[in-house]
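Undergrad: Numbering (this note's numbering), first residue to last: 7 to 419.
Submitted below is the structure of interest, expressed as structure tokens.
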Ligand code: 3PG
Ligand code: MG
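Written out as structure tokens, the structure reads:
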């Protein structure tokens, strides 16, 4: 039995739909223009399907956080949605006031509008339960204006925020196509992966990596875990490798002594499943130099995995049935040091494996190397993916499940 409703479970003809999406995009710091619109592109199948089915759609979303430089209105996002849809998509500078209500009520079948950045509401980001959020002015005002709430915000599914979990408590609700697709791809990797299953974990945020590595090995999801990037350096340090002070200082910022002890214990306990680089790249006199980890000079930061390690990892990837990659292998902003990430991604796309990438800038990197469409799946999740990897519940999914389990959804208004 399905765990939550999807777009297949409702007749959308003439229905007004409140569609919560995650179109929180990376912006250019100077121009504040959207630099990567992938998250917008990925919600278009849901919007197009709802338009095609004759719904009236109001998009609700956020961009940035109040006080941050990338906290901007959603007019630019509305323009891109309109462009991708091939029709005008008005931006309404209001969330639930008279202007918004007027715009919602004036929609005809197939119309799409974009409401104001929902994080303008001071309580939107309060970490509360779905029952508590169901009582907010946002939910009490907007729920009566709509027939169905659709949540397609996988990227924000780890947040228990008002616009994300409050509505399923009070009205008929469904998951959008992107949310469905993301969960399906992750299920394919986590529940019954084609073997061998290889995880490549990288990036600069060490955070909960030790827990993720431990979990995927203990639960017998991963046959091999390749650890690269700053996270890989942290594991090398745990193994006793002297990386030099620039890299060790960076690791100390992200990693507590307890994390280091946990990494050491994990290497002792499950080290036979963990593959670390045996050579790395540093920059000397503006040139990339690949050096064995035992021979590293101590004054240069480690910027990428080395060519020998790349070859070794490529062989593991070539034989895999499933490969999941999250986070780059090196400093991808600096051309010669994007090499490791690019090579590992290429190896994934050349293999016959089911391949999934995601997290932080991984998708943008794939786009830059023209590999984006060669993966089986590219996730739009950053924090949401990390939460999933840790085996923690995603509040958005839990709220949709709770709504589905209620036989007769109550209505407000
Ligand atoms: C994200 O990009 O991580 C999501 O849009 C959620 O945004 P947040 O991290 O600011 O809560
Ligand atoms: Mg985030």
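In this text, a Cβ means the ideal position worked out from N, Cα and C, and glycines have one as well.
Treat the numbers as computed from the prediction; the structure is a model and nothing was measured.
(1) Can you name the start and end residues of the alpha helix (DSSP H) that residue 394 belongs to?
(2) I need the DSSP call for residue 17, collapsed to helix, strand or coil.
(3) Run the proximity test for residue 389: is its beta-carbon closer than 8 Å to any non-hydrogen atom belonging to the ligand MG?
(4) Between the C-alpha atoms of residue 345 and residue 336, what's the straight-line distance to the nearest angstrom?
(5) Do you know how far the Cα of residue 246 is from the Cα of residue 18?
(6) With a threshold of 16 other CB atoms inside 10 Å of the CB of residue 34, please say whether the residue is buried or exposed.
(7) Regarding residue 30 and the ligand 3PG, is the C-beta to nearest heavy atom distance less than 8 Å?
(8) Measure the beta-carbon distance from residue 239 to residue 308 and round it to whole angstroms, keeping in mind my assumption that it falls under 8 Å.
(9) Flag this pair as yes or no: are the beta carbons of residue 359 and residue 333 separated by less than 9 Å?
(10) Going by alpha carbons, who is nearest to residue 350 out of 318, 302, 367 and 32?
(11) Could you tell me if residue 293 is buried or exposed, where buried requires 16 or more neighbouring beta carbons within 10 angstroms of its beta carbon?
(12) What I want to know is whether the C-beta of residue 245 ends up closer than 8 Å to one or more non-hydrogen atoms of the ligand 3PG.
(13) Could you say which of 356, 169 and 304 lies nearest to residue 141 if we only look at CA atoms?
(14) For the alpha helix (DSSP H) that residue 239 lies in, which residues bound it at each end?
(15) By Cβ distance below 7 Å, which residues in the same chain neighbour residue 235 in space, the five residues on each side in sequence not counted?
(16) Going by C-alpha to C-alpha distance, which of 157, 56, 385 and 262 sits closest to residue 403?
(17) Buried or exposed: where does residue 93 fall if 16 or more other Cβ atoms within 10 Å of its Cβ makes it buried?
(18) For residue 12, collect the residues of the same chain with a Cβ closer than 7 Å to its Cβ; drop the 5 residues on either side in sequence, then sort them by chain order.
(19) Would you identify the three-state DSSP class for residue 269, choosing helix, strand or coil?
(20) Just to confirm the assignment, what range does the beta strand (DSSP E) spanning residue 364 have?
(21) With 9 Å as the threshold, decide whether the Cβ of residue 170 is near any Cβ in chain C.
(22) Alpha carbon to alpha carbon, how far is residue 132 from residue 283? Give it in angstroms, no decimals.
(23) Counting C-beta neighbours from all protein chains within 10 Å, is the total for residue 304 16 or more, i.e. buried, or is it exposed?
(24) How big is the Cα-Cα spacing for residue 385 and residue 340?
(25) Given a threshold of 16 other Cβ atoms within 10 Å of its Cβ, counted over all protein chains shown, does residue 29 qualify as buried or as exposed?
(26) Using the C-alpha atoms, what's the distance from residue 138 back to residue 269?
(27) Sort out for me which residues DSSP pairs residue 205 with in a bridge.
(28) Report back the beta-carbon spacing between residue 120 and residue 91 to the nearest angstrom; my notes put them in contact at under 8 Å.
(29) Excluding the five sequence neighbours on either side, which residues of its own chain have a C-beta within less than 8 Å of the C-beta of residue 115, listed in chain order?
(30) In angstroms, rounded to a whole number, what distance separates the CA positions of residue 320 and residue 201?
(31) Threshold first: 4 residues or longer. Then list the alpha helix (DSSP H) segments lying entirely within the stretch 104-163, N to C.
(32) Tell me, to the nearest whole angstrom, how far the beta carbon of residue 26 is from that of residue 84; I am working on the premise that it is less than 8 Å.
(33) Residue 27 by DSSP, collapsed to three states: which one?
(34) Thinking C-beta only, is residue 400 closer than 9 Å to residue 112?
(35) Determine the burial state of residue 271: buried for a count of at least 16 other Cβ atoms within 10 Å of its Cβ, exposed for fewer.
(36) For residue 345, write down the residues that DSSP places opposite it in a beta bridge.
TA: Taking the definition as stated:
(1) As a first step, residue 394 is located in the chain shown; it is residue number 388 there, counting from the start. Under the DSSP assignment, residue 394 falls in the alpha helix (DSSP H) whose first and last residues are 389-395.
(2) Position 11 of the chain shown holds residue 17. Residue 17 falls in the coil class under three-state DSSP.
(3) Within the chain shown, numbered from 1, the residue matching residue 389 stands at position 383. Because some heavy atom of the ligand MG lies under 8 Å away, the Cβ of residue 389 counts as near it: yes.
(4) The count along the chain shown starts at 1 and reaches residue 345 at position 339. The count along the chain shown starts at 1 and reaches residue 336 at position 330. C-alpha separation (whole angstroms): 8 Å.
(5) As a working mapping, residue 18 is identified with position 12 in the chain shown. As a working mapping, residue 246 is identified with position 240 in the chain shown. It is roughly 60 Å from the alpha-carbon of residue 18 to the alpha-carbon of residue 246.
(6) Here residue 34 refers to the residue found at position 28 when the chain shown is read from its first residue. Exposed.
(7) Your numbering for residue 30 matches position 24 in the chain shown. It does: the Cβ of residue 30 is within 8 Å (strictly closer) of some heavy atom of the ligand 3PG.
(8) To locate residue 239, count along the chain shown from 1; it is residue 233. To locate residue 308, count along the chain shown from 1; it is residue 302. Contact holds; Cβ gap of about 5 Å.
(9) The count along the chain shown starts at 1 and reaches residue 359 at position 353. The count along the chain shown starts at 1 and reaches residue 333 at position 327. Against a cut-off of 9 Å, the Cβ pair of residue 333 and residue 359 comes out as no contact.
(10) Counting from 1 along the chain shown, the entry for residue 350 is found at position 344. Comparing alpha carbon positions, the residue from 318, 302, 367 and 32 closest to residue 350 is 318.
(11) Numbered from 1 along the chain shown, position 287 holds the residue referred to as residue 293. With fewer than 16 Cβ atoms within 10 Å of its Cβ, residue 293 is classed as exposed.
(12) Reading the chain shown from its first residue, position 239 is the one you call residue 245. Remark: the C-beta of residue 245 is outside contact range of the ligand 3PG, defined as less than 8 Å to any heavy atom.
(13) As a first step, residue 141 is located in the chain shown; it is residue number 135 there, counting from the start. Measuring from the Cα of residue 141, the nearest candidate turns out to be 169.
(14) Counting from 1 along the chain shown, the entry for residue 239 is found at position 233. 235-244 is the span of the alpha helix (DSSP H), which, as asked, contains residue 239.
(15) Reading the chain shown from its first residue, position 229 is the one you call residue 235. Excluding residues within five positions, the ones whose Cβ falls inside 7 Å are 208, 209, 210, 333, 334, 335 and 336.
(16) In the chain shown, residue 403 corresponds to position 397, counting from 1. Here the closest residue by C-alpha is 157.
(17) Along the chain shown, one-based indexing puts residue 93 at 87. Exposed.
(18) Looking up residue 12 in the chain shown gives position 6. Apart from the 5 residues on each side of it in sequence, residue 12 sits with its Cβ closer than 7 Å to the Cβ of 180, 181 and 186 in its chain, given in chain order.
(19) Taking the chain shown and counting its residues from 1, the one referred to as residue 269 is at position 263. Residue 269: helix per DSSP, three-state reduction.
(20) Position 358 of the chain shown, counted from the start, is the residue given in the question as residue 364. For residue 364, the enclosing beta strand (DSSP E) starts and ends at 360-364.
(21) Of the protein chains in this structure there is only one, and it is not chain C.
(22) Indexing the chain shown from 1 puts residue 283 at position 277. Indexing the chain shown from 1 puts residue 132 at position 126. Computed Cα separation, rounded: 42 Å.
(23) Indexing the chain shown from 1 puts residue 304 at position 298. Burial state of residue 304 is exposed, judged by a 10 Å Cβ sphere holding fewer than 16 other Cβ atoms.
(24) Translated into the one-based positions of the chain shown, residue 385 becomes position 379. Translated into the one-based positions of the chain shown, residue 340 becomes position 334. Straight-line Cα distance between these residues: approximately 24 Å.
(25) Against the chain shown, residue 29 aligns to sequence position 23. The residue in question, residue 29, is buried, as its Cβ has 16 or more Cβ neighbours within 10 Å.
(26) Reading the chain shown from its first residue, position 263 is the one you call residue 269. Reading the chain shown from its first residue, position 132 is the one you call residue 138. Each residue's Cα considered, the two are about 38 Å apart.
(27) For this step, residue 205 is matched to residue 199 along the chain shown. In DSSP, residue 205 forms a bridge with 231 and 330.
(28) Within the chain shown, the letter at position 114 stands for residue 120. Within the chain shown, the letter at position 85 stands for residue 91. Not really, about 11 Å apart at Cβ, beyond 8 Å.
(29) Counting from 1 along the chain shown, the entry for residue 115 is found at position 109. These residues qualify, in order along the chain: 19, 20, 60, 61 and 62.
(30) The residue given as residue 320 occupies position 314 in the chain shown. The residue given as residue 201 occupies position 195 in the chain shown. Distance between residue 320 and residue 201, taken at the CA atoms: about 16 Å.
(31) DSSP runs (the alpha helix (DSSP H)) wholly in the stretch 104-163: 104-111, 136-139 and 143-148.
(32) Here residue 26 refers to the residue found at position 20 when the chain shown is read from its first residue. Here residue 84 refers to the residue found at position 78 when the chain shown is read from its first residue. With a beta-carbon spacing of about 15 Å, residue 26 and residue 84 fall beyond the 8 Å limit used to define contacts.
(33) Taking the first residue of the chain shown as 1, we reach residue 27 at position 21. In this structure, residue 27 counts as coil in the three-state DSSP scheme.
(34) In the chain shown, counting from the first residue as 1, residue 112 sits at position 106. In the chain shown, counting from the first residue as 1, residue 400 sits at position 394. It is not a contact, given that the beta carbons lie outside the stated cut-off.
(35) In the chain shown, residue 271 corresponds to position 265, counting from 1. Taking a 10 Å sphere around the C-beta of residue 271, we find fewer than 16 other C-beta atoms and assign the residue as exposed.
(36) Start at 1 with the first residue of the chain shown, and residue 345 comes out as number 339. BP columns for residue 345 are empty, so no partner.
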